[in-house]
Amino acid sequence: MTFLRIVEPGFLTTIQDRGRFKYQKWGVPVAGAMDEYAFRAANILVGNDENEGCLEITLIGPAIEFLATGLVAIAGADLGARLNERDCDPWGSFRVTKGDILKFMGVRSGCRTYLAVAGGLGIPCVMGSKSTYLRGGIGGVEGRALRSGDELRAGRPVRSYELTAGTVPPECRHSWTNPQTVRVVLGPQDDAFTPEGIDTFLQNEYTLTIESDRMGCRLEGPPIQHKDKPDIVSDGIALGSIQVPGNGKPIVMMADRQTTGGYAKIATVITPDLWKLAQAKPKDRIRFAEVTLARAHELYGEYENTIKLLPGKLVYAARNRN
Amino acid sequence: MYKQTKYLPAGDKGLVVEFGSTISEEINSKVRSFALALESAGIPGILEFIPTYRSLLLIYDPLEWETDLLVDRLRDLENNLASALLPNPNVYYLPVMYGGEFGPDLPFVCQYTGLTEEEVVRIHTGTKYLIYMLGFTPGFPYLGGMDDQISVPRLDNPRVNIPAGSVGIAGSQTGIYPVDSPGGWRIIGRTPARLFDPDDKKPVFLNAGDYVCFFRVTFDEYRHIAGEAEKGRYRIRVSEYM
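Those protein sequences? They're chains Y and G, same order as listed.
Position 152, counted from 1, in the first sequence is what the numbering used here calls 152; the numbers after and before it change by one each time, with no gaps.
Just remember that the numbering used here sits 322 ahead of the position in the second sequence, which is counted from 1.
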């Protein structure tokens, strides 16, 4: 059964799950949600598996008409979501019925929000994933961004007792403020940089540029000095790796990153801070701070624990519509 | 090759196992032995790995592994590599239509090297190229062993779109673009064979450690093979590497 229709596509709306794993050894990028935390929260809000496909909505949101009764959630950036005439909580779920229109009035904070549908999206998996990889034309709807007129089916029908709207409590929400401090573990090629270069990287503010996309966040700021050449013999690139090409300007490699590359990588962003890059808009400001690997693993444990406990912390309002 | 393998952190989930800092068959075959050993060991908590010229990037679950223990486990694996024999490699024979609209940079290669088109094609088809690694885009092979006589610099301005199947040269490297993508390599021909099919059980046809050999086809042969490939009927010829 068709559940929703895209009336206007917005700036860039794609289908994403957590990504396409186990194919990187053949050069196939992972893709997947840029802000993993918000994506997982959206699925939790509607009682889905955490890896279910969502709509990733960027800056200017789409207009969506619902064609059936159901429960949907949004989580992530505040892009001014409004269902018919009523504002939506940017970290909450709400009931919809046939004829309802969801619009986004404009960015209030952040860059990307996730729309999850209770029961999931009826999208076929390509190489084990629903994620859209735009450059390769794989996954999602025909490997492309959503367009006006696209209709999406629900993955499975949901019963009315499953349609309970809830919200994420304030302490479990992320919201962007300028500047953000992003924590990193140095390496794997920090030895390709001079000590001054590493100081430059850790002690200055960098600004997100307009060239940033799902592949990488390109930053402007004081150039980082290499010891010798910026080139290395090409090797694997992890999510959040910060490569520094010859111009000294760092690029944080994100969801659609290529699997391998030939620029020295000074550091890697820790998983719990990746959302800050996913939610940064052009001209937003970022600082980097070093943590040890041991500390990064403690923080990762806390991060996963927060998500694990989230279903029990959701706040349920009265069972009225919205 | 390093005397002692380096284990380098790539964030909270990534670990680089690095055997050397140069491109060499010896180091690359160690990478492949290690990848093979990893696959057969099936260590829980290692989610995937990317083998490259001289290292592997492992992605692991930090809730399952403390880094020190993981490194110990991997050093064990490394010390028992001698027993992990690499399988005899395959050679894939790929048809290429050289020059014309499929190889817009072939005239440049001739001009730059002073060779005729015939000579460039003879040299390019005369080698079995080792697939060192796959990366960049789905199924893109990094091939080693090209004759330096046909080595040419990259384009100053990369093209916005290079069609799938294009065969190019950059410096002393040659390679094939399996999907449409931007790129700065000099394009000398195109293969009608499909190297990437997302709906196939094995979406990427080539494997690191095997070899590629090109052979020349005419435009009519190209069209015929392209038609067969479209229907999923074209079989790329494979033989054992001698």
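Quick reminder that beta carbons are idealized off the backbone N, C-alpha and C, glycines included.
1) So, under 8 Å CB-CB, Y/A267 and Y/L208 are touching, yes? Tell me the CB distance rounded to an integer number of Å.
2) Contact check, Y/T13 vs Y/L55 under 8 Å by CB: the rounded distance?
3) Do Y/L71 and Y/F3 come within 8 Å of each other at the CB atom, strictly closer than that value?
4) In this structure, does DSSP put G/T438 in helix, strand or coil?
5) So Y/A31 and Y/D256 are in contact, right, with Cβ under 8 Å, and what is the actual spacing, rounded?
6) Taking its Cβ as the centre, do 16 or more other Cβ atoms sit within 10 Å of Y/V158, making it buried, or is it exposed?
7) Pick out whichever of Y/R287, Y/G312 and Y/G27 has its Cα sitting closest to the Cα of Y/D199.
8) To the nearest angstrom, how far is it from the Cα of G/P520 to the Cα of Y/R20?
9) If we cut at 8 Å on Cβ distances, does G/M455 have a partner in chain Y?
10) Taking one C-beta from the stretch 33-48 of chain Y and one from the stretch 290-298 of chain Y each time, how about it: are there three or more such pairs within less than 8 Å?
11) Mind checking which residues open and close the beta strand (DSSP E) that includes Y/Y114?
12) Within 10 Å of its beta-carbon, does G/E562 have 16 or more other beta-carbons around it, so buried, or fewer, so exposed?
13) Pull up the distance between the alpha-carbon of Y/L152 and that of Y/I123, whole angstroms please.
14) Quick one: residues in its chain with C-beta nearer than 6 Å to the C-beta of Y/S109, no 5 flanking neighbours on either side, listed in chain order?
15) Starting from the N-terminal side, write out each stretch of the beta strand (DSSP E) that is 3 residues or longer and does not extend beyond the stretch 114-187 of chain Y.
16) Taking DSSP as the reference, what is the three-state secondary structure of G/K328?
17) Compare the beta carbon distance of G/M455 and G/P373 with 8 Å and say whether it is the shorter of the two.
18) Give a yes or no on whether the C-beta atoms belonging to Y/G61 and Y/A81 are separated by under 8 Å.
19) Write down the C-beta distance between G/S473 and G/S494 rounded to the nearest angstrom, noting that I regard them as a contact closer than 8 Å.
20) Measuring only between beta-carbons, confirm whether G/R376 sits less than 8 Å from chain Y.
21) So what does DSSP say about G/D519, is it helix, strand or coil?
22) Would you decide whether Y/A317 is buried or exposed? Buried here means 16 or more other CB atoms lie within 10 Å of its CB.
23) For Y/R135, which residues in chain G fall below 7 Å Cβ to Cβ?
24) Take every Cβ of the stretch 161-171 of chain Y, pair it with every Cβ of the stretch 188-202 of chain Y, and state whether three or more of those distances are shorter than 8 Å.
25) Assuming contact is defined by CB atoms lying nearer than 8 Å, are G/L385 and Y/E304 in contact in what I supplied?
26) Report the neighbours of G/F356 on chain Y: residues whose CB is nearer than 8 Å to its CB, in chain order.
27) Could I get the ranges of all uninterrupted alpha helix (DSSP H) runs contained in the stretch 43-74 of chain Y, with 4 residues as the minimum, in chain order?
28) Using the beta-carbon count (16 or more within 10 Å), is G/N483 buried or exposed?
29) Which of the three DSSP states, helix, strand or coil, is assigned to G/C432?
30) Three or more beta-carbon pairs under 8 Å between the stretch 233-252 of chain Y and the stretch 264-279 of chain Y, yes or no?
31) At what residues does the beta strand (DSSP E) containing Y/Q189 begin and finish?
32) Just checking, does the stretch 189-196 of chain Y make contact with the stretch 223-237 of chain Y on the three C-beta pairs under 8 Å criterion?
33) Counting C-beta neighbours from all protein chains within 10 Å, is the total for Y/I210 16 or more, i.e. buried, or is it exposed?
According to the data block:
1) About 17 Å; that fails the 8 Å criterion.
2) Sure, about 6 Å apart at Cβ, within 8 Å.
3) With respect to the 8 Å criterion, Y/F3 and Y/L71 are not classified as neighbours on the basis of their beta carbons.
4) coil
5) Contact between Y/A31 and Y/D256 holds: CB atoms are separated by about 5 Å, below the 8 Å threshold.
6) buried
7) Y/R287
8) 12 Å
9) yes
10) no
11) S109 to V117
12) exposed
13) 8 Å
14) D78, S175 and W176
15) 151-153 and 180-186
16) Correct three-state label for G/K328: strand.
17) yes
18) yes
19) 4 Å
20) yes
21) coil
22) exposed
23) S503
24) no
25) yes
26) By Cβ distance, chain Y contributes nothing, its closest Cβ being about 12 Å from G/F356, past 8 Å.
27) none
28) exposed
29) Residue state, collapsed to three classes: helix.
30) yes
31) No beta strand (DSSP E) contains Y/Q189, which DSSP labels as neither H nor E.
32) yes
33) exposed
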